[in-house]
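Read the structure below first, then the notes.
Listed below in structure tokens is the structure:
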């Protein structure tokens, strides 16, 4: 799918004209804002959103994510959304510059390719090129491993710097366990809300990407979320209360960002994109699922080129996007780049 998401964006951006022609959403004299919410290792069936209304198997039989459900009801759900790669790092690099992983990772001449990668037109740089007023931010997992490319080099005005899995609590760092700020969801959300508020007050358009550490291992969650998930009946494919709690915390973070957009009066002039960097894991530490695979009805999971490794949740909402709509047209994270 090479055109649907670029049309959504370009209809507001009117790229190709002079700088002053970065048009606002209909009925507003402000250029549109863009918010990208990227989850980590979240399965296509890793939420309570029914990813394909024609198939009841296409959501979790245990996790509860009411904010993602609301997101889908307010926007367009893509039943065939795909990540650019079945792993995190290549997907993140692809989202940034709109290129296939074959163009930018595991190169034979990595040193020279890295020099060229730093010169690529990135999403934040593209927006600034169209309208220098745009303010840009990246919060959360950066993970541009192998060559130390930084967020500031790629056009972000504000960021958490050169972060990776370990920043948010990677595999083998003490989970499953309860934390006050599990997977840094709350602090990422707060920085995002503060950034949006700052630029809403100054009436400057913004682009912010929130790259969550959840739901990648290790498993960290809030005590309250664990209490809630332990009250729910376990499913056949999803059975771990701690992982369900972490997923609930992620959903709460999404809800807080959406709430802030509404309270700032930006709802009618802001595009929101929600997707995952790759498919979900097949296994959980200490868990033996003898009933159904975790990504059922998809085959395989993270790291695989089968559907389970690449098919991900994909939701878009904003001006001109029909609420509660469904698209069966295949899209990938590459389509974010006009």
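Numbering (UniProt numbering), first residue to last: 1 to 338. Just so it is clear, CB atoms sit at the ideal spot from N, CA and C, and this is done for glycine as well.
Checking 7 angstroms against the spacing of the C-beta atoms, do residue i and residue j come in under that value?
{"i": "residue 83", "j": "residue 51", "result": "no"}
{"i": "residue 206", "j": "residue 135", "result": "yes"}
{"i": "residue 276", "j": "residue 76", "result": "no"}
{"i": "residue 95", "j": "residue 139", "result": "no"}
{"i": "residue 317", "j": "residue 308", "result": "no"}
{"i": "residue 59", "j": "residue 48", "result": "yes"}
{"i": "residue 295", "j": "residue 32", "result": "no"}
{"i": "residue 122", "j": "residue 97", "result": "yes"}
Here's the rule I'm using: 16 or more other beta-carbon atoms within 10 Å means buried, otherwise exposed. How should residue i be labelled?
{"i": "residue 223", "result": "exposed"}
{"i": "residue 305", "result": "exposed"}
{"i": "residue 315", "result": "buried"}
{"i": "residue 211", "result": "buried"}
{"i": "residue 100", "result": "exposed"}
{"i": "residue 200", "result": "buried"}
{"i": "residue 336", "result": "buried"}
{"i": "residue 253", "result": "buried"}
{"i": "residue 102", "result": "exposed"}
{"i": "residue 202", "result": "exposed"}
{"i": "residue 182", "result": "buried"}
{"i": "residue 29", "result": "exposed"}
Helix, strand or coil, according to DSSP, for residue i in the structure here?
{"i": "residue 228", "result": "helix"}
{"i": "residue 221", "result": "strand"}
{"i": "residue 195", "result": "helix"}
{"i": "residue 81", "result": "strand"}
{"i": "residue 160", "result": "coil"}
{"i": "residue 257", "result": "helix"}
{"i": "residue 274", "result": "strand"}
{"i": "residue 346", "result": "The displayed coordinates of the chain run from 1 to 338. Any statement about residue 346 would go beyond what the structure contains."}
{"i": "residue 178", "result": "strand"}
{"i": "residue 247", "result": "helix"}
{"i": "residue 238", "result": "coil"}
{"i": "residue 114", "result": "helix"}
{"i": "residue 172", "result": "coil"}
{"i": "residue 300", "result": "coil"}
{"i": "residue 51", "result": "coil"}
{"i": "residue 99", "result": "coil"}
{"i": "residue 140", "result": "strand"}
{"i": "residue 201", "result": "helix"}
{"i": "residue 64", "result": "coil"}
Who are the Cβ neighbours of residue i in its own chain at under 7 angstroms, not counting the five residues just before and after it?
{"i": "residue 267", "result": "261"}
{"i": "residue 292", "result": "236, 237"}
{"i": "residue 178", "result": "221, 222, 223, 226"}
{"i": "residue 219", "result": "175, 176, 242, 243, 246"}
{"i": "residue 16", "result": "Residue placement at residue 16 is flagged as unreliable, the pLDDT there being 34, under the threshold of 50; the coordinate-derived value follows with that caveat. Taken in chain order, the list of residues that qualify is empty."}
{"i": "residue 209", "result": "36, 38, 138"}
How big is the Cα-Cα spacing for residue i and residue j?
{"i": "residue 249", "j": "residue 221", "result": "7 angstroms"}
{"i": "residue 279", "j": "residue 128", "result": "32 angstroms"}
{"i": "residue 285", "j": "residue 184", "result": "21 angstroms"}
{"i": "residue 151", "j": "residue 170", "result": "21 angstroms"}
{"i": "residue 65", "j": "residue 251", "result": "6 angstroms"}
{"i": "residue 161", "j": "residue 153", "result": "11 angstroms"}
{"i": "residue 215", "j": "residue 168", "result": "10 angstroms"}
{"i": "residue 324", "j": "residue 54", "result": "15 angstroms"}
{"i": "residue 164", "j": "residue 231", "result": "33 angstroms"}
{"i": "residue 111", "j": "residue 90", "result": "17 angstroms"}
{"i": "residue 42", "j": "residue 61", "result": "15 angstroms"}
{"i": "residue 88", "j": "residue 288", "result": "25 angstroms"}
{"i": "residue 239", "j": "residue 36", "result": "29 angstroms"}
{"i": "residue 303", "j": "residue 92", "result": "15 angstroms"}
{"i": "residue 320", "j": "residue 282", "result": "37 angstroms"}
Can you name, in chain order, every residue of its own chain whose Cβ lies under 8 angstroms from the Cβ of residue i, other than the five neighbours on each side?
{"i": "residue 332", "result": "1, 81, 82, 83, 84"}
{"i": "residue 197", "result": "260, 264"}
{"i": "residue 149", "result": "114, 117, 118"}
{"i": "residue 68", "result": "47, 48, 49, 251, 254, 274, 313, 315"}
{"i": "residue 70", "result": "255, 258"}
For residue i, which residues from the same chain have a beta carbon less than 6 angstroms from its beta carbon, with the 5 sequence-adjacent residues on both sides left out?
{"i": "residue 144", "result": "none"}
{"i": "residue 72", "result": "49, 315"}
{"i": "residue 234", "result": "62"}
Could you check whether the Cβ of residue i sits closer than 7 angstroms to any Cβ belonging to chain B?
{"i": "residue 254", "result": "Given the protein chain composition of this structure (a single chain), no chain B is represented."}
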